[in-house]
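Contents: one structure, followed by commentary.
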Amino acid sequence: MTTYFSYLDPKLQEELKKTAEAIVAPGKGILAVDESNEGIGKLLATVGLENTENNRRKYRQLLFTADDVLSENISAVILFDETVYQKADDGTPFMELLKKRNIIPGIKVDRDVVPLYLSEDEVTTQGLDDLAQRCATYKKQGCRFAKWRCPLKIREHTPSAQAIQDTAQVLARYASICQSQGLVPIVEPDVLLDGHHDIVRAQKVTEVVLAAVYKSLNDHHVFLEGTLLKPNMVTPGQACANRNTPEEIAVATVTALLRAVPAAVPGIAFLSGGQSEEEATINLNAINKVQMKKPWTLTFSYGRALQASVWKSWAGKDENVKKAQLELIKRAKANGLAALGKYEKGAVTTAAGDASNYSKNHKY
Ligand code: 13P
Numbered sequence: 043m044t045t046y047f048s049y050l051d052p053k054l055q056e057e058l059k060k061t062a063e064a065i066v067a068p069g070k071g072i073l074a075v076d077e078s079n080e081g082i083g084k085l086l087a088t089v090g091l092e093n094t095e096n097n098r099r100k101y102r103q104l105l106f107t108a109d110d111v112l113s114e115n116i117s118a119v120i121l122f123d124e125t126v127y128q129k130a131d132d133g134t135p136f137m138e139l140l141k142k143r144n145i146i147p148g149i150k151v152d153r154d155v156v157p158l159y160l161s162e163d164e165v166t167t168q169g170l171d172d173l174a175q176r177c178a179t180y181k182k183q184g185c186r187f188a189k190w191r192c193p194l195k196i197r198e199h200t201p202s203a204q205a206i207q208d209t210a211q212v213l214a215r216y217a218s219i220c221q222s223q224g225l226v227p228i229v230e231p232d233v234l235l236d237g238h239h240d241i242v243r244a245q246k247v248t249e250v251v252l253a254a255v256y257k258s259l260n261d262h263h264v265f266l267e268g269t270l271l272k273p274n275m276v277t278p279g280q281a282c283a284n285r286n287t288p289e290e291i292a293v294a295t296v297t298a299l300l301r302a303v304p305a306a307v308p309g310i311a312f313l314s315g316g317q318s319e320e321e322a323t324i325n326l327n328a329i330n331k332v333q334m335k336k337p338w339t340l341t342f343s344y345g346r347a348l349q350a351s352v353w354k355s356w357a358g359k360d361e362n363v364k365k366a367q368l369e370l371i372k373r374a375k376a377n378g379l380a381a382l383g384k385y386e387k388g389a390v391t392t393a394a395g396d397a398s399n400y401s402k403n404h405k406y
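What follows is the structure, encoded as structure tokens:
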């Protein structure tokens, strides 16, 4: 049995805990811009631009040079490898731009998914082999946290016990390696929106998955106070006819979290998973308003739900940069308010606010 082990060095515990707490400071959340080169390529295509290193850089420059007020609601950003080393037009490294704005840089460290052999179209996430070295390099570059995503599909026979156990093991090994190198691990078991299932099924699956993940994190001696969770909200599947209210989504989500996530975890930052920008804001607001026990900070770590309007307003044109930056700031403000349960439905309107961001088998 795993009853003999040492705790992390107290100094390292303190550092990890401080970083995790700063990321989920009240009214703040995470901007996820860790789309892979393939993922951002699809977005660039929608605005008529080629998927070149410079075009990817120009888009991310737009985000990182938005007005300083952005940091009132954005505490941290998740980067993709390439972005860590890129610079703005004036030669300032992106990492410096972020630090000047008091935004904590983090890094996606998983290497995407491959099929789980003999499963029903389920996957496992790769990237553990050289993870310690990569984490050490990113830490030297100034990153203070990492992210690793394990997607799970709800179908008649899935997620399977095999996929759930694999997710739990892989996330625990990842989290343990990150902490050994001084990075806060954001643990992301993502129960996908794809499917016809109702909210009851989504809640049960989320509970089972989270319970397995935290058992495994404990078995691997992960220091929970120096971690964050990035889960799905509990919602009906995208193709389910019965649509629940934000209040019902809030109760299902908080119930699942209460049953499976230890109170030692400082914060939970939801992914948006294909919800529209406004839906993701309203649901987060309802989650924070619901009168239930909530021992963790509940906030956002959105990719699509913070950027859909930015892409639409920018449309790949230099003259639209300012306009697009304002969209980002508006959406960040709306989500900052939602993280405090103070958002009023429709108070913020953005170019693509109500448009669904769902795409089947979405590729980050
Ligand atoms: P979405 O908010 O688009 O689901 O992205 C979250 C994510 O996991 C990227 O890190």
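The numbering of the sequence shown is our numbering, which starts it at 43 and goes up by one.
Idealized CB from N, CA, C, for every residue including glycine.
Original post:
Do the region 358 to 365 and the region 301 to 312 touch if we need at least three Cβ pairs shorter than 8 Å?
Top reply: With the cut-off at 8 Å, the region 358 to 365 and the region 301 to 312 do not touch.
Original post:
Going by the CB atoms, is the gap between Ala376 and Tyr385 shorter than 8 Å?
Top reply: For the purposes of this step, residue 385 is taken as the residue at position 343 of the sequence shown. For the purposes of this step, residue 376 is taken as the residue at position 334 of the sequence shown. Contact flag set, yes.
Subject >> Residue nearest to Lys181 in terms of C-alpha spacing, selected from Trp190, Ile206, Glu164 and Val226 >> reply: As a first step, residue 181 must be located in the sequence shown, where it is residue number 139. Of the candidates Trp190, Ile206, Glu164 and Val226, the one whose C-alpha sits nearest the C-alpha of Lys181 is Val226.
Subject >> beta strand (DSSP E) runs contained entirely in the region 323 to 405, provided each spans 3 or more residues >> reply: Taking only runs of at least 3 residues, the beta strand (DSSP E) segments lying wholly in the region 323 to 405 are 339 to 344.
Original post:
What are the boundary residues of the alpha helix (DSSP H) that Ala203 is part of?
Top reply: On the sequence shown, residue 203 is found 161 positions in, with the first residue counted as 1. Counting along the chain, the alpha helix (DSSP H) containing Ala203 begins and ends at Ala203 to Ser222.
Subject >> Whole-angstrom distance between Asp109 and Gly71, CA atom to CA atom >> reply: Start at 1 with the first residue of the sequence shown, and residue 71 comes out as number 29. Start at 1 with the first residue of the sequence shown, and residue 109 comes out as number 67. When rounded, the distance between both Cα atoms is 17 Å.
Original post:
Less than 8 Å separating the beta-carbons of Gln317 and Asn325?
Top reply: Taking the sequence shown and counting its residues from 1, the one referred to as residue 317 is at position 275. Taking the sequence shown and counting its residues from 1, the one referred to as residue 325 is at position 283. The answer is yes: Cβ separation under 8 Å.
**OP:** Give a yes or no on whether the C-beta atoms belonging to Gly315 and Asn274 are separated by under 8 Å.
**Re:** In the sequence shown, counting from the first residue as 1, residue 315 sits at position 273. In the sequence shown, counting from the first residue as 1, residue 274 sits at position 232. Cβ atoms of Gly315 and Asn274: closer than 8 Å.
**OP:** Using 10 angstroms around the beta-carbon of Phe265, count the other beta-carbons present and answer buried if the total reaches 16, otherwise exposed.
**Re:** For this step, residue 265 is matched to residue 223 along the sequence shown. So Phe265 ends up on the buried side.
Original post:
Based on Cα-Cα distance, which residue from Ala292, Val293 and Ser218 lies nearest to Asp261?
Top reply: As a position in the sequence shown, residue 261 is number 219, starting the count at 1. Closest option to Asp261, Cα to Cα, is Ser218.
Original post:
Would Lys372 be called buried (16 or more neighbouring beta carbons within 10 Å of its own) or exposed?
Top reply: Here residue 372 refers to the residue found at position 330 when the sequence shown is read from its first residue. Around the CB of Lys372, 16 or more other CB atoms lie within 10 Å, so the residue is classed as buried.
Subject >> By C-beta, the residues closer than 7 Å to any heavy atom of the ligand 13P, given in chain order >> reply: Working through the chain, the matches are Ala74, Asp76, Ile120, Lys150, Lys189, Arg191, Glu230, Asp232, Lys272, Leu313, Ser314, Gly315, Gly316, Ser343, Tyr344, Gly345, Arg346, Ala347, Asn399 and Tyr406.
Subject >> Nearest neighbour of Ser343, chosen from Gly69, Leu160 and Glu290 [CA to CA] >> reply: The residue given as residue 343 occupies position 301 in the sequence shown. When only C-alpha atoms are compared, the closest one is Gly69.
**OP:** Can you tell me which of Gly81, Ala214 and Pro288 puts its alpha carbon nearest to the alpha carbon of Val170?
**Re:** In the sequence shown, residue 170 corresponds to position 128, counting from 1. Correcting the residue type first, residue 170 is Leu in the shown sequence and not Val. Ranking Gly81, Ala214 and Pro288 by Cα distance to Leu170 puts Ala214 first.
Original post:
Just to confirm, does Ile329 get its C-beta within under 7 Å of one of the non-hydrogen atoms of the ligand GDP?
Top reply: Judged by which ligands are present, the ligand GDP is missing from the structure shown, whose ligands are the ligand 13P.
Original post:
How about Ser202 and Ser258: do their beta carbons lie closer than 8 Å?
Top reply: Translated into positions along the sequence shown, residue 202 becomes position 160. Translated into positions along the sequence shown, residue 258 becomes position 216. Cβ distance not < 8 Å, so Ser202 and Ser258 don't count as in contact.
Subject >> Cβ-based neighbour list, Ala305, same chain, cut-off 6 Å, excluding 5 preceding and 5 following >> reply: Numbered from 1 along the sequence shown, position 263 holds the residue referred to as residue 305. Answer for Ala305: Pro337, listed in chain order.
**OP:** Quick one: grab the DSSP three-state call for Glu230.
**Re:** Residue numbering aside, residue 230 sits at position 188 when the sequence shown is read from its first letter. It is a strand residue.
Subject >> Any 3 or more C-beta pairs closer than 8 Å across the region 49 to 67 and the region 106 to 126 >> reply: yes
Subject >> Top-ranked residue by Cα proximity to Arg153, from Glu77, Gln204 and Lys142 >> reply: Here residue 153 refers to the residue found at position 111 when the sequence shown is read from its first residue. Nearest to Arg153 by alpha-carbon distance, out of Glu77, Gln204 and Lys142, is Glu77.
Original post:
Would you say Pro231 and Leu194 are within 8 Å of each other, going by their C-beta atoms?
Top reply: Working through the sequence shown from its first residue, we reach residue 231 at position 189. Working through the sequence shown from its first residue, we reach residue 194 at position 152. Closer than 8 Å, so yes.
Subject >> Cut-off 7 Å between Cβ atoms - residues of its own chain near Asp240, not counting five sequence neighbours on either side >> reply: On the sequence shown, residue 240 is found 198 positions in, with the first residue counted as 1. These residues qualify, in order along the chain: Pro278, Cys282 and Asn284.
Original post:
Excluding five sequence neighbours on each side, which residues of the same chain lie with their C-beta closer than 6 Å to the C-beta of Val390?
Top reply: As a first step, residue 390 must be located in the sequence shown, where it is residue number 348. Excluding positions up to five away in sequence, the list reads Lys372 and Ala376.
Subject >> When His263, Val276 and Lys335 are compared against Val250, the one with the closest alpha-carbon >> reply: Counted from its first residue, the sequence shown places residue 250 at position 208. Closest option to Val250, Cα to Cα, is Val276.
**OP:** Report the three-state DSSP secondary structure of Cys282 (helix, strand or coil).
**Re:** As a working mapping, residue 282 is identified with position 240 in the sequence shown. DSSP places Cys282 in coil when its eight states are reduced to three.
Subject >> Gly309, enclosing beta strand (DSSP E) - first and last residue >> reply: Against the sequence shown, residue 309 aligns to sequence position 267. Taken as a continuous stretch (DSSP letters only), the beta strand (DSSP E) holding Gly309 covers Gly309 to Phe312.
Original post:
Using CA coordinates, which residue listed in Asn286, Ala205 and Glu321 is at the minimum distance from Ala397?
Top reply: Numbered from its first residue, the sequence shown carries residue 397 at position 355. Ala397 has its Cα closest to that of Glu321, out of Asn286, Ala205 and Glu321.
Subject >> Closest residue to Glu114 among Ala87, Arg143, Gly90 and Asp132 (Cα-Cα distance) >> reply: The residue given as residue 114 occupies position 72 in the sequence shown. The residue with the shortest Cα to Cα distance from Glu114 is Arg143.
**OP:** State buried or exposed for Pro374, treating a residue as buried only when at least 16 other CB atoms are found within 10 Å of its CB.
**Re:** Reading the sequence shown from its first residue, position 332 is the one you call residue 374. Correcting the residue type first, residue 374 is Ala in the shown sequence and not Pro. Buried: at least 16 other Cβ atoms inside 10 Å.
**OP:** Assuming His155 contacts Ile196 (C-beta within less than 8 Å), just tell me the rounded distance between them.
**Re:** As a working mapping, residue 155 is identified with position 113 in the sequence shown. As a working mapping, residue 196 is identified with position 154 in the sequence shown. This sequence places Val at residue 155; His is not what is there. Actually they do not touch by this definition, with Cβ atoms about 16 Å apart.
**OP:** Determine, using beta carbons only, whether Val155 comes closer than 8 Å to chain B.
**Re:** Structure shown: chain B not included; a single protein chain is present.
Original post:
In or out: Asn399 buried (at least 16 other Cβ within 10 Å) or exposed?
Top reply: Counting from one through the sequence shown, the residue named residue 399 turns up at place 357. Buried: at least 16 other Cβ atoms inside 10 Å.
Original post:
To the nearest angstrom, how far is it from the Cα of Lys405 to the Cα of Cys185?
Top reply: Position 363 of the sequence shown, counting from 1, holds the residue named residue 405. Position 143 of the sequence shown, counting from 1, holds the residue named residue 185. Using only the alpha carbons, I get a separation of about 24 Å.
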